[in-house]
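In the numbering used here, the protein residues as written are 2 to 447.
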């Protein structure tokens, strides 16, 4: 953690920080209201039912049936695997039939790890409307818990006024709003990641590892922490993590059957691992897809997707792997011990969001952990660093640029590509800020 947090910021720094913090909250609130008005203006009848929650809800139903209804439906043509990410299930499948029985006219296919269906089984005991309201409440609770745990990482402890300010800003943060509207599960991973970091800061590696293990079997993304923990020689953490993943996977096999788990591992995950090209993919790979993909784009009313060519997919994965390895090398060069592990784990979600083959807007809710951490630390930052933090927070906290490029007369393919590029650019800026301030705090501690 930042050593200069033990020293109070000057009154000038405090005023500058407060100015940027208020501008950030104001900017997020204004753009959130404009986005909500735009969404209502273009809303269709099918939009009255959340897009993603029915998938999780039906997954819970399948788990309650002990997989009597198949959970996965991989296409016979493996080259069409990308369609699993956006195409509705075929009406003749048991999955679609179950959806209609529950009141869903159309439902996307289940592509998450099998354990996430088990996780949602308690919600499937309720009518879907009641389950959805309960799930929305839990998302807000996970957000509040994540912010509180992040504040506990600092020597000064949680500050009520600061916590409320960050919570209000987070509620206007577009990726969180996406999770609420769609009924997504990324806030669960955010909470588990934050809890895992907090447990590690309290010298409880086994508890930390179990948080990351649970997050991995729910959404896969926390697995990116494993190489970093191996680099830092956290053997107890790694052993607990492996045991946790094995235990959760074993329970999933017991509850859903070996075939279901094997289908996800060998057919579903490989099929979606290259992602797909569309205007919602905000990772660096998504930007490459937009630049190298078809020379036309649809607006937000008529979403268009295209497969990522195999060669481009391999390049994107290699490029992302290179960035990840460069980050590990940077961590190793900065220090050889594990004293900065908390800062590195907090920075890691941004590296993941930048390098993943696909990251929809709602995945960026993971950025709330580093953003909360940065904004607390920023009370001692320079004006220029605060300006970069302010602009980067707004850049990934709003979808307004994409709305302008899609809905107005100014819209064009070039403008849409520019709107997509804002997100990876802001992510890079935040990574730079984290690395720069981490390096400075390390110098001050020596």
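For each residue, glycine too, the CB sits at the ideal point set by N, CA and C.
Judging by CA-CA distance, which residue of the options is the nearest neighbour of residue i?
{"i": "residue 398", "options": "71, 414 and 423", "result": "423"}
{"i": "residue 320", "options": "276, 36 and 355", "result": "355"}
{"i": "residue 188", "options": "366, 93 and 372", "result": "366"}
{"i": "residue 239", "options": "176, 27, 205 and 191", "result": "205"}
{"i": "residue 1", "options": "223, 207 and 69", "result": "For the chain, the structure presents residues 2 to 447; residue 1 sits outside this window and is missing."}
{"i": "residue 348", "options": "95, 425, 137 and 226", "result": "226"}
{"i": "residue 308", "options": "80, 23, 26 and 228", "result": "80"}
{"i": "residue 177", "options": "323, 328, 346 and 33", "result": "33"}
{"i": "residue 228", "options": "322, 260 and 181", "result": "322"}
{"i": "residue 275", "options": "207, 357, 415 and 333", "result": "357"}
{"i": "residue 201", "options": "209, 194 and 195", "result": "209"}
{"i": "residue 281", "options": "269, 400, 254 and 158", "result": "400"}
{"i": "residue 62", "options": "120, 286, 359 and 157", "result": "120"}
{"i": "residue 352", "options": "219, 129, 140 and 436", "result": "436"}
Answer with buried or exposed for residue i, where buried requires no fewer than 16 other C-beta atoms within 10 angstroms of its C-beta.
{"i": "residue 78", "result": "exposed"}
{"i": "residue 302", "result": "Because residue 302 carries a pLDDT of 46, less than 50, the predicted location of this residue cannot be relied on, and the following value inherits that uncertainty. Label assigned to residue 302: exposed."}
{"i": "residue 7", "result": "Here residue 7 scores only 44 on pLDDT, less than 50, and its place in the model is too uncertain to base an answer on."}
{"i": "residue 284", "result": "buried"}
{"i": "residue 217", "result": "buried"}
{"i": "residue 330", "result": "exposed"}
{"i": "residue 393", "result": "buried"}
{"i": "residue 104", "result": "exposed"}
{"i": "residue 377", "result": "buried"}
{"i": "residue 22", "result": "buried"}
{"i": "residue 380", "result": "buried"}
{"i": "residue 440", "result": "exposed"}
{"i": "residue 311", "result": "exposed"}
How would you write the range of the alpha helix (DSSP H) that residue i sits in, first residue to last?
{"i": "residue 212", "result": "206-220"}
{"i": "residue 259", "result": "259-264"}
{"i": "residue 1", "result": "With the chain represented from 2 up to 447, any question about residue 1 goes unanswered, as that position is not in the structure."}
{"i": "residue 91", "result": "It is not in any alpha helix (DSSP H) - residue 91 carries neither H nor E in the DSSP assignment."}
{"i": "residue 224", "result": "That residue, residue 224, is in no alpha helix (DSSP H); it is neither H nor E in DSSP."}
{"i": "residue 361", "result": "Here residue 361 belongs to no alpha helix (DSSP H), and DSSP marks it neither H nor E."}
{"i": "residue 148", "result": "129-152"}
{"i": "residue 378", "result": "369-378"}
{"i": "residue 290", "result": "285-293"}
{"i": "residue 308", "result": "From DSSP, residue 308 is part of no alpha helix (DSSP H); its letter is neither H nor E."}
{"i": "residue 163", "result": "161-172"}
Would you report the Cα separation of residue i and residue j, rounded to the nearest angstrom?
{"i": "residue 244", "j": "residue 211", "result": "8 Å"}
{"i": "residue 4", "j": "residue 443", "result": "The pLDDT assigned to residue 4 is 49, lower than 50, so where the model puts this residue is not dependable; a value taken from the coordinates is nonetheless given after this. Between residue 4 and residue 443, the C-alpha separation is close to 8 Å."}
{"i": "residue 164", "j": "residue 131", "result": "29 Å"}
{"i": "residue 300", "j": "residue 17", "result": "Because the pLDDT of residue 300 is 47, which lies under 50, any placement of that residue in the model is unreliable, and the number read from its coordinates should be weighed accordingly. When rounded, the distance between both Cα atoms is 39 Å."}
{"i": "residue 118", "j": "residue 127", "result": "15 Å"}
{"i": "residue 60", "j": "residue 72", "result": "7 Å"}
{"i": "residue 122", "j": "residue 257", "result": "12 Å"}
{"i": "residue 326", "j": "residue 143", "result": "31 Å"}
{"i": "residue 66", "j": "residue 362", "result": "32 Å"}
{"i": "residue 92", "j": "residue 138", "result": "32 Å"}
{"i": "residue 20", "j": "residue 174", "result": "19 Å"}
{"i": "residue 82", "j": "residue 52", "result": "20 Å"}
{"i": "residue 147", "j": "residue 170", "result": "14 Å"}
{"i": "residue 98", "j": "residue 57", "result": "15 Å"}
{"i": "residue 289", "j": "residue 12", "result": "44 Å"}
{"i": "residue 69", "j": "residue 260", "result": "12 Å"}
{"i": "residue 167", "j": "residue 184", "result": "22 Å"}
{"i": "residue 24", "j": "residue 152", "result": "21 Å"}
{"i": "residue 272", "j": "residue 36", "result": "33 Å"}
Got a sec: is the Cβ-Cβ distance from residue i to anything in chain C below 7 Å?
{"i": "residue 179", "result": "In the structure shown, chain C cannot be found, because there is only a single protein chain."}
If the criterion is Cβ atoms closer than 7 Å, does the pair residue i and residue j meet it?
{"i": "residue 266", "j": "residue 293", "result": "no"}
{"i": "residue 418", "j": "residue 231", "result": "no"}
{"i": "residue 109", "j": "residue 277", "result": "no"}
{"i": "residue 107", "j": "residue 89", "result": "yes"}
{"i": "residue 262", "j": "residue 371", "result": "no"}
{"i": "residue 150", "j": "residue 195", "result": "yes"}
So does residue i have its beta carbon nearer than 6 Å to some heavy atom of the ligand SAM?
{"i": "residue 198", "result": "The model depicted lacks the ligand SAM and carries no ligand whatsoever."}
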